[in-house]
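Here the structure comes first, spelled out in structure tokens, and everything after it is commentary.
Residue numbers (this note's numbering): 268 to 741.
See the structure below:
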């Protein structure tokens, strides 16, 4: 695990998932009655600033239903609170990401002083100081979480479990390392990252004489902020849909001169029945690989799931009926996906550079899913010809201990013009990705072994793989 991954990307990922995960959990739809720039200053270490308390905001219109305006005051108050605090959480995310970018620059600066790579320095100061979990701890984790694991083979699970169990102690050691780096190296803060109309060239911080510009941080933030805004939109949209359904249900109940519960009973409750044994068995047979376990052990859970799916479909059907003839105009829209400039200059590719569509795949040669998808992609790409350019970049996962060296080997094959042939061999032989095997595959393809071995043994493409990981993670 390299420094950029841990200090920059993992930190962002954990914070973003906490921000999104902390939002009001989505509930199934149910028909029911309604319920400026600053002067440069030294910054010895990152400060996690608490979010200021949110002030009550004026209701915002969300939709118009039969002439009646629905606002944020009409939806679930927990959802309203989450959505109204979104911009504050985004501002806090920007600050934290800047702190993490500063950490990355500090490590690279320190590594340069010591004449080592950033990964070597991270391994020395952090990774090697974190003990691996004991066999008892590994076994206990697997036993406690077995029902959540798709993989059942313990040997295959071990690398992932070890990585997960190391994460917390590694975070503590890395935080202490950051504090030492911040004390020993000058960090001068510049323009506030949350300044309005921020110029991409604005300097947010200077680390050991190297400036960090707004453009760099903003570019890396795009996917994370899009996910946060999309999540906010989705929970608000779902809450709005429930409110609209409730409003129309009450209007229909008033028209019929019956309680709303009566409509729910006749349209949903009386039509919802437990699935038959045959339906449960059929669903299990069609989804056996994903479900895991034998039918008897999951029969009750599957029956509950299928009945709930049936009820939700009845709710959707009733909602659609209620909307027939109703005038509904939504005033909110889904945020547009972010676009990023991803380098494809020296990476393995197929298709012409002028193709109207470019697909960039980040792959892991030890990943079973990647191996399964490889022949599918090959066939699909053939049908598009020169309409599509296909670019491959590396993304070896930490739990796949042989994937990084396999990626370096694939780059060495690319240097001799045989990347795709070599990649096919790697995907077919995922059970043998040790260095001797990687060299053997080079011989099978007739590559210059002396040149290939020198590149692989000397880590000639290690930096290239690290760059791909850094781009892929964000």
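The C-beta atom is built at its ideal place from N, Cα and C for all residues, glycine as well.
Exposed or buried, which one is residue i when buried takes at least 16 other CB atoms within 10 Å?
{"i": "residue 527", "result": "buried"}
{"i": "residue 316", "result": "Any answer about residue 316 is weak, because its pLDDT of 48 lies below 50 and its placement is not dependable; what the coordinates show is given next. By the neighbour-count rule (16 or more Cβ atoms within 10 Å), residue 316 is not buried but exposed."}
{"i": "residue 415", "result": "exposed"}
{"i": "residue 608", "result": "exposed"}
{"i": "residue 412", "result": "exposed"}
{"i": "residue 534", "result": "buried"}
{"i": "residue 457", "result": "buried"}
{"i": "residue 672", "result": "buried"}
{"i": "residue 521", "result": "exposed"}
{"i": "residue 386", "result": "buried"}
{"i": "residue 525", "result": "exposed"}
{"i": "residue 736", "result": "buried"}
{"i": "residue 513", "result": "buried"}
{"i": "residue 701", "result": "exposed"}
{"i": "residue 530", "result": "buried"}
{"i": "residue 334", "result": "exposed"}
{"i": "residue 586", "result": "buried"}
{"i": "residue 402", "result": "exposed"}
{"i": "residue 613", "result": "exposed"}
{"i": "residue 330", "result": "buried"}
{"i": "residue 557", "result": "exposed"}
{"i": "residue 247", "result": "Look at the range of the chain in this structure, 268 to 741, and you will see that residue 247 is not part of it."}
{"i": "residue 532", "result": "exposed"}
{"i": "residue 352", "result": "buried"}
{"i": "residue 324", "result": "exposed"}
{"i": "residue 347", "result": "buried"}
{"i": "residue 716", "result": "exposed"}
Pull up the CB-CB distance for residue i and residue j, whole angstroms please, since I reckon it's below 8 Å.
{"i": "residue 515", "j": "residue 593", "result": "6 Å"}
{"i": "residue 484", "j": "residue 364", "result": "6 Å"}
{"i": "residue 599", "j": "residue 500", "result": "7 Å"}
{"i": "residue 523", "j": "residue 547", "result": "With 8 Å as the limit, residue 523 and residue 547 do not qualify as a contact, their Cβ atoms being about 36 Å apart."}
{"i": "residue 677", "j": "residue 690", "result": "6 Å"}
{"i": "residue 674", "j": "residue 663", "result": "5 Å"}
{"i": "residue 617", "j": "residue 728", "result": "That pair is no contact at about 20 Å."}
{"i": "residue 723", "j": "residue 707", "result": "Actually they do not touch by this definition, with Cβ atoms about 12 Å apart."}
{"i": "residue 374", "j": "residue 448", "result": "7 Å"}
Any idea which residues DSSP pairs residue i with across the strands?
{"i": "residue 616", "result": "658"}
{"i": "residue 375", "result": "Note: residue 375 sits in no beta bridge, so no partner."}
{"i": "residue 477", "result": "474"}
{"i": "residue 596", "result": "331"}
{"i": "residue 601", "result": "According to DSSP, residue 601 bridges with nothing at all."}
{"i": "residue 626", "result": "657"}
{"i": "residue 337", "result": "330"}
Hey, would you say residue i sits closer than 9 Å to residue j, going by beta carbons?
{"i": "residue 709", "j": "residue 719", "result": "yes"}
{"i": "residue 615", "j": "residue 658", "result": "yes"}
{"i": "residue 629", "j": "residue 697", "result": "no"}
{"i": "residue 409", "j": "residue 424", "result": "yes"}
{"i": "residue 442", "j": "residue 397", "result": "no"}
{"i": "residue 474", "j": "residue 372", "result": "yes"}
{"i": "residue 624", "j": "residue 647", "result": "no"}
{"i": "residue 495", "j": "residue 360", "result": "yes"}
{"i": "residue 660", "j": "residue 611", "result": "yes"}
{"i": "residue 426", "j": "residue 732", "result": "no"}
{"i": "residue 350", "j": "residue 503", "result": "yes"}
{"i": "residue 601", "j": "residue 497", "result": "yes"}
{"i": "residue 481", "j": "residue 455", "result": "no"}
{"i": "residue 479", "j": "residue 369", "result": "yes"}
{"i": "residue 452", "j": "residue 376", "result": "yes"}
{"i": "residue 639", "j": "residue 695", "result": "no"}
{"i": "residue 432", "j": "residue 400", "result": "yes"}
{"i": "residue 428", "j": "residue 405", "result": "yes"}
{"i": "residue 653", "j": "residue 619", "result": "yes"}
{"i": "residue 685", "j": "residue 712", "result": "yes"}
{"i": "residue 589", "j": "residue 519", "result": "yes"}
Sorry if obvious, but does the Cβ on residue i come closer than 8 Å to a heavy atom of the ligand COA?
{"i": "residue 432", "result": "With respect to the ligand COA, the structure offers nothing, as it holds no ligand at all."}
Taking contact to mean at least 3 C-beta pairs separated by less than 8 Å, is the region 501 to 513 in contact with the region 330 to 347? In this structure the region 501 to 513 lies against the region 330 to 347, because at least three pairs of beta carbons, one per stretch, are closer than 8 Å.
Whether or not the region 533 to 542 and the region 561 to 575 are in contact is what I'm after, with contact meaning three or more pairs of Cβ atoms, one per stretch, closer than 8 Å; do they touch? yes
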